[in-house]
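Chemist: Chains E and C, in that order, are what the protein sequence lines are. Sequential numbering of the first sequence, starting at 0, is according to numbering that gives the first Met the number 0. Sequential numbering of the second sequence, starting at 0, is according to numbering that gives the first Met the number 0.
2 protein chains.
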Amino acid sequence: MALVVQKYGGTSVGTPDRIRNVARRVVDTVKAGHRVAVVVSAMSGETDALVALAHDIGGEHPEPREYDVLVATGEQKTIALLAMAIQQLGQPARSFTGAQMGMRTDTAHTRARIESIDHEVLLEVLDRGIVAVLAGFQGTDEAGNITTLGRGGSDTSAVAVAAALGADVCEIYTDVEGVFTTDPNLVAAARKLDRISYDEMIEMASLGAKVLQIRSVRFAMRYRVPLHVRSSFKLDEGTWVVPEEEMMEALVVSGVTYNRSEAKILVRGVQDVPGVAARLFTPLSNEGIVLDMIIQNLSRDGTTDVTFTVPRPDYARALEITRNTAAEMGAITVEADTEIAKVSIVGLGMKDHAGVASKMFQVLADEGINIQCISTSEIKVSVVIAEKYTELAVRALHAAFIEAGAAEPVPEA
Amino acid sequence: MALVVQKYGGTSVGTPDRIRNVARRVVDTVKAGHRVAVVVSAMSGETDALVALAHDIGGEHPEPREYDVLVATGEQKTIALLAMAIQQLGQPARSFTGAQMGMRTDTAHTRARIESIDHEVLLEVLDRGIVAVLAGFQGTDEAGNITTLGRGGSDTSAVAVAAALGADVCEIYTDVEGVFTTDPNLVAAARKLDRISYDEMIEMASLGAKVLQIRSVRFAMRYRVPLHVRSSFKLDEGTWVVPEEEMMEALVVSGVTYNRSEAKILVRGVQDVPGVAARLFTPLSNEGIVLDMIIQNLSRDGTTDVTFTVPRPDYARALEITRNTAAEMGAITVEADTEIAKVSIVGLGMKDHAGVASKMFQVLADEGINIQCISTSEIKVSVVIAEKYTELAVRALHAAFIEAGAAEPVPEA
């Protein structure tokens, strides 16, 4: 008998029929002999409607405490409905709001961090054979104010509950069948991965694969909670996200990802003296703009070029700020480009194989694709290219690294 | 400087514009120098939508605990939105769910009774010049389960808050201008009452006037909370509901009410022995059917006739049960009639004036209206008549008792 935490997203509980479908899956898991806690999101569309109301009445920046009181109603609605649906199948169930399960967070409204969970109140219910139906995304701070966890909060709630309960698995149900080697909409040969390590999943999530929120994977890694990403509409196994040492054979490249939501800014001819980066980037971070890639070229004649990428919604603001700073710093020019894409390969096996990056550059060169920037980590290589080459690059890299058999050793460059 | 509790119903907060309108009224009250706590209902339509979802998923009788978790989201949504709207006007405000204001109730889900309120947490906020925006209709039991108060719960919440805070007034905002002498849709000459006693208001509420829930008036009477029923769309004074001793001159008849939502059952020829009523009515109350009027005629030949009224939705079930019981008891016949109306006159001054009932019967007789049953209390007379005469009866009684000058003494019969 295992203790299973299941998490269903907004699409999986988007209609009464889908809620009944989730109830059946939960009851099937109980019938298989397991104790089950279920974490749910708001019904799809619900949170958007609440956010629209918040802006209608509260303006561009609704007061965060009240915003959280408002949006927390979405998950509260779902827990009651799902508990009812489970009860209708003859299985005892009981809902818990964030407050009721002791989901204690800090006071950072709209992006709170989880501090603790009252696992005793949940275990007491589970041990009596009752399904615990838990509101994701929400908690309360020390003073009893309602807080929410921000984007991807329900995944994080589920992982936190699984960690607090010492669950055997945290199943993340979604509308896709698991984690794929690349976007199946782009590459017909994309295939579902059976297993992936936390580190790879984090790289893939941060690079554009949308199946899991990076924050929840970090949380799972920290508390060593096995994740199982699977479809809420099919019974097949999905993808397990597990500690590195549980990977039987590390693929050199597990996945190819892409991200078309960034823009590039290039500052040419900055004096290459200590503190340049700080002077250039502090005004941006003061405005809450998060930089992704940052590349500083080798110094030439005492000056250097700095390239960085920012999210496209922040691009215009970032460009204006950078132009001002660059002018003060005596830079030669500031150039910008919104028509870029970041394409990456991710794989745990890269650690042990040299030449992966070189092979990637060669594959792209063979397709006539110019590389604008490169950034690497131990288990990934990312390049910035012109946006129009995105599909071509992803298909070529998937063919070369995954379809050709990624477990094969890569020849040294 | 007074402490004012204001309560706004679902229609008053039914759209973002109406919520902004309420916010302006609240801020005007603060600007007039008062401390203000506001109790709100769910936006109109919201509760009905939630109840429909509950039945879709939870069947005819959704599990009460989860039902309460679900419907409580309606008021939680409104408090957040109203707090935001007040803040947008530059006035600090803070929302409180039932749990957050310490609205402690018993455990009777869907019809819980209020036990206590944490007035200290509210006064602390009010004393700092912050408007407290409170969710009506909801509370939590000792174990922290969410409860709701049932129909009219928000009025009751407001009165309870006013009592706990020792407020100077509890203003009930609604879509009518106050309490009228009768239904203005039926009688053009109906006029707004400036004052009415708790007792009269209770009789009028229970007899069909919908402006205030009877439960909240009982609560107000018990704790001597002055109520002020007024329009949320106009600035005029409405109707004050006050202790009897604060009534300057007690009207003989304050109002004429009617109720077309009952049906009549008549059992003829029951043996007139002790325990007849209990035997006839126990099977009905066991089924949760609430009887309104009960009239037992004088015994004749050792048998008696019993007439009673029940809510129309319960009528078919009540008739079937009564037929079975009556057969067991050897009654002669059971007759039934759904096309009835109960018409009543209410007035504190009746206590001191004989002949009011007689005058009522005469007025109806003059119109050719036959009286089927009569029931009286110290301050009201009710009759059952054929439903088709409802308007005629109400107009005639209003003309005779109110338009003619109700303060005049009524001649002895």
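All C-beta atoms in this analysis are idealised placements derived from N, C-alpha and C, irrespective of residue type, glycine included.
(1) If we ignore side chains and look at the alpha-carbon of each, how far apart do K6(E) and V12(E) end up?
(2) Along the chain, where does the alpha helix (DSSP H) that runs through N285(C) open and close?
(3) Between R214(C) and R214(E), what straight-line distance do the alpha-carbon atoms span, to the nearest angstrom?
(4) Assign H227(E) to one of three DSSP states: helix, strand, or coil.
(5) Can you tell me whether V160(E) is buried or exposed, with buried defined as 16 or more other CB within 10 angstroms of its CB?
(6) Buried or exposed: which applies to I378(E), given that a residue is buried once 16 or more other Cβ atoms fall within 10 Å of its Cβ?
(7) By the criterion of Cβ-Cβ separation under 7 Å, what are the contact partners of L80(E) in chain C?
(8) Quick check on G381(E): buried or exposed, where buried means 16 or more other Cβ atoms within 10 Å of its Cβ?
(9) Can you give me the C-alpha to C-alpha distance between E327(E) and P61(E), rounded to a whole angstrom?
(10) Can you find the residues in the same chain that come closer than 6 Å, C-beta to C-beta, to A189(E), ignoring five residues on each side of it along the sequence?
(11) Determine the direct distance from the alpha carbon of I201(E) to that of L226(E), and round the result to whole angstroms.
(12) Report the rounded CA-to-CA distance for L318(C) versus S284(C), giving the unit in angstroms.
(13) Would you call the region 72 to 86 of chain E in contact with the region 39 to 51 of chain E, where contact means no fewer than 3 C-beta pairs closer than 8 Å?
(14) How would you write the range of the beta strand (DSSP E) that F307(E) sits in, first residue to last?
(15) Go ahead and pull the three-state DSSP assignment for N258(C).
(16) Give a yes or no on whether the minimum CB-CB distance between T72(C) and chain E is below 8 Å.
(17) Using the beta-carbon of each residue, which ones in chain E are nearer than 7 Å to A84(C)?
(18) Check whether the Cβ of I18(E) lies closer than 8 Å to any Cβ atom in chain D.
(19) What does the alpha-carbon distance come out to for the pair A22(C) and A84(C)?
(20) With DSSP run on the structure shown, which of helix, strand or coil describes K379(C)?
(21) Cβ closer than 8 Å: which chain E residues qualify as neighbours of Q87(C)?
(22) Hey, how far is the Cα of E407(C) from the Cα of V305(C)?
(23) When you compare only the Cα positions, how much space is there between Q99(C) and D67(E)?
(24) Against E415(E), what residues of chain C qualify as contacts under a CB-to-CB distance less than 8 Å, listed in chain order?
(25) Quick check on Q212(C): does DSSP put it in helix, strand or coil?
(26) Apart from the five residues just before and just after H108(C), which ones in its own chain have a Cβ nearer than 8 Å to its Cβ?
(27) Taking DSSP as the reference, what is the three-state secondary structure of R190(E)?
(28) Confirm, please, whether the CB-CB distance from S156(C) to V38(C) is below 8 Å.
(29) By Cβ distance below 6 Å, which residues in the same chain neighbour S374(C) in space, the five residues on each side in sequence not counted?
(30) Tell me whether the region 262 to 271 of chain C and the region 216 to 231 of chain C touch, counting them as touching only if at least three CB pairs, one residue from each stretch, are closer than 8 Å.
(31) With L2(C) and A166(C) assumed to form a contact (beta carbons below 8 Å), what rounded beta-carbon distance in angstroms separates them?
(32) Enumerated in chain order, which unbroken segments of the beta strand (DSSP E) with a length of 3 residues or greater are wholly contained in the region 94 to 159 of chain E?
(33) So, using beta-carbon positions, are D154(C) and T104(C) closer together than 8 Å?
(34) Report the residues of the region 372 to 387 of chain E with a CB closer than 7 Å to any CB of chain C, ordered along the chain.
(35) Compare the C-beta of P310(E) with all C-beta atoms of chain C and state if any pair is closer than 8 Å.
(36) Among the residues of its own chain, which have a CB less than 6 Å from the CB of P91(C), if the five just before and after it don't count?
Modeler: Judging by the given coordinates:
(1) 11 Å
(2) 275 to 285
(3) 50 Å
(4) Residue state, collapsed to three classes: strand.
(5) With 16 or more other Cβ atoms within 10 Å, it is buried.
(6) buried
(7) L52, I56, L69
(8) At residue 381(E) the sequence reads Ser, which differs from the Gly that was named. Classification for S381(E): buried.
(9) 36 Å
(10) These residues qualify, in order along the chain: F179, T180, T181, P183.
(11) Each residue's alpha carbon lies about 13 Å from the other.
(12) 13 Å
(13) yes
(14) 302 to 310
(15) strand
(16) yes
(17) I56
(18) Chain labels in this structure do not include chain D; the protein chains are E and C.
(19) A direct Cα-Cα distance of roughly 6 Å separates A22(C) from A84(C).
(20) strand
(21) I56, G57, G58, listed in chain order.
(22) For E407(C), the predicted model reports a pLDDT of 49, less than 50, meaning its position is unreliable; a value from the coordinates is still stated below. Near 37 Å, if we compare the C-alpha coordinates of V305(C) and E407(C).
(23) Q99(C) and D67(E) have their C-alpha atoms roughly 14 Å apart.
(24) In the structure as shown, chain E begins at 0 and stops at 412. Residue 415(E) is therefore absent and cannot be evaluated.
(25) coil
(26) P63, R64, Y66, D67, N144, T146, T147
(27) The answer is coil: DSSP assigns R190(E) none of H, G, I, E or B.
(28) yes
(29) M292, S381
(30) no
(31) 5 Å
(32) 113 to 115, 130 to 134, 137 to 139, 145 to 147
(33) D154(C) places its beta carbon 8 Å or farther from that of T104(C).
(34) Within the region 372 to 387 of chain E, no residue has a Cβ that lies closer than 7 Å to any Cβ of chain C.
(35) Chain C places no beta carbon closer than 8 Å to that of P310(E), leaving this residue out of the contacts.
(36) I129
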